[in-house]
Amino acid sequence: MKYIVETRNLSKEYGKKQVVKDLDLKVPSGCVYGFMGPNGAGKSTTMKMLLGLIKSSGGQVVIDGKEMNGKNRIAILKETGSLIESPSYYGHLSGRENLEIVRTLKEVPKKEVNQVLELVRMERQQDKKVREYSLGMKQRLGLAEALLGHPKLLLLDEPTNGLDPAGIQEMRELICELPKRMGITVLISSHLLSEMDQIADYVGIIDHGQLIFQDKLEALHEHSQSGILLRTMNQSAAFQVLKRQGINCTVQGEGILMPHITDDKMAELTAALSAQGAGVYRIEEQQKSLEDIFLSLTGRRGSL
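So the sequence shown is numbered by the numbering used here: it starts at 21 and just counts up by one.
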């Protein structure tokens, strides 16, 4: 598998405080990678080290196969877009005028302004003064600026912070389109696990500066399986049947919680319960929320 971003033992210290500890990120090309963790976990610090905005205390940053250093940083950043913290803009100028300034600085063709305006769905608002934009529109403008130059990699630091539900939905749709329409790999940080569940292909979870999980989103969901809850006509009789079947189960309120079993085994068990006068009238699959998964991985909820 090709990785567009790799970090090797990446670390950052401020005085005696270690903010990022031996971080080994692996971001596959062509995906949306959700970089998750509570506020203060080290997400923004890591993103800034990837861009060379702050100097690491140790370790390496490799972007598209090239180790970032003082000599090649500018060349690497020409193929990298970013939206870190809040977007920068000139409020007295229009959206198009702001994009023209960035286009000139990046030395990209004029036609790209129209392309990114269409991509972020800002054609109708392009001539409006940016100071009159909503927060969601300003975020879209910042995203458009980051997309100028057709970057291979896009780094977004908490891009939905402060947006209303409609703005979050719009930003989510835009981000999901980028790998498909433009082949851009998106590395997005967030403390909202539910948000990442809807857009990310791969996830990395950081806590206290350390990477505690990194894999496909499906692998994270495997942690969510907690069992099956049975509601029966006779709880006591059902409990005894399950025990005789060798199933480890516990009483939970008016139901019985048992581990996941195959569909065939479940059908056999349902027939056995019915034969013993403990007919089943509800079978519920119990799953942890993403917040509960994070709690089980880290031992705390943080800001989630």
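C-beta atoms are modelled at their ideal positions from N, C-alpha and C, and glycine is treated no differently.
Check	Outcome
Going by other Cβ atoms of all chains shown within 10 Å of its Cβ, with 16 needed for buried, is Gly111 buried or exposed?	exposed
Starting from Leu137, follow its DSSP beta bridges and name the residues at the other end.	None, per the DSSP bridge assignment.
Which of helix, strand or coil does DSSP assign to Ser102?	strand
Find the nearest neighbour of Gly182 within the set Leu155, Tyr109 and Ser114, judged by alpha-carbon distance.	Leu155
Is it right to say Val122 is buried, meaning 16 or more other beta carbons lie within 10 angstroms of its own, or is it exposed?	buried
Are the Cβ atoms of Ile331 and Asp177 separated by less than 9 Å?	There is simply no residue 331 to check, as the chain begins at 21 and stops at 324 in what is shown.
From the DSSP output, in three-state form, read off Ile24 for me.	strand
Please go through the same chain and pick out, in chain order, the residues whose beta-carbon is closer than 8 Å to the beta-carbon of Arg116, but skip the five residues on each side of it.	Val133, Leu137, Gln146 and Asp147
Should the region 277 to 291 be regarded as contacting the region 228 to 235, the criterion being three or more beta carbon pairs within less than 8 Å?	no
Could you check which residue in Gly57, Tyr23 and Arg28 has the C-alpha nearest to that of Ile313?	Gly57
Would you check if the distance between the CB atom of Gly62 and the CB atom of Leu97 is smaller than 9 Å?	no
From Gly35, Lys86 and Glu105, pick the residue whose C-alpha is nearest to that of Pro179; which is it?	Glu105
Given Ile303, which residues of its chain have a CB within under 7 Å of its CB, disregarding the five upstream and five downstream residues?	Ile248 and Leu250
Assign Arg141 to one of two classes, buried (16 or more other C-beta atoms within 10 Å of its C-beta) or exposed (fewer than that).	exposed
In chain order, what residues of the same chain have a beta carbon less than 7 Å from the beta carbon of Leu262, not counting five sequence neighbours either side?	Cys269, Ile276 and Met278
Can you tell me whether Gln255 is helix, strand or coil according to DSSP?	helix
Quick check on Gly57 - is its C-beta less than 9 Å from some C-beta in chain B?	The question asks about chain B, but that chain is absent: this structure has only one protein chain.
Determine, using beta-carbon pairs with one atom in the region 38 to 58 and one in the region 216 to 224, whether at least three such pairs fall under 8 Å.	yes
Going by DSSP in three states, Gln159 sits in which element: helix, strand or coil?	helix
What is the rounded straight-line gap between the Cα of Ser316 and the Cα of Leu240?	12 Å
Sort out for me which residues DSSP pairs Leu317 with in a bridge.	In DSSP, Leu317 forms no bridge with anything.
Bridge partners for Glu288 per DSSP, in chain order?	Looking at the DSSP assignment, Glu288 forms no beta bridge with any residue, so it has no partner.
Classify Pro199 as helix, strand or coil using the three-state DSSP reduction.	helix
In this structure, how does DSSP classify Ser323 when only helix, strand and coil are distinguished?	With a pLDDT of only 43 at Ser323, under the threshold of 50, the placement of this residue in the model should not be trusted; the figure read from the coordinates follows. Ser323 falls in the coil class under three-state DSSP.
Using a 10 Å radius around the Cβ and a threshold of 16 neighbouring Cβ atoms, would you call Thr124 buried or exposed?	exposed
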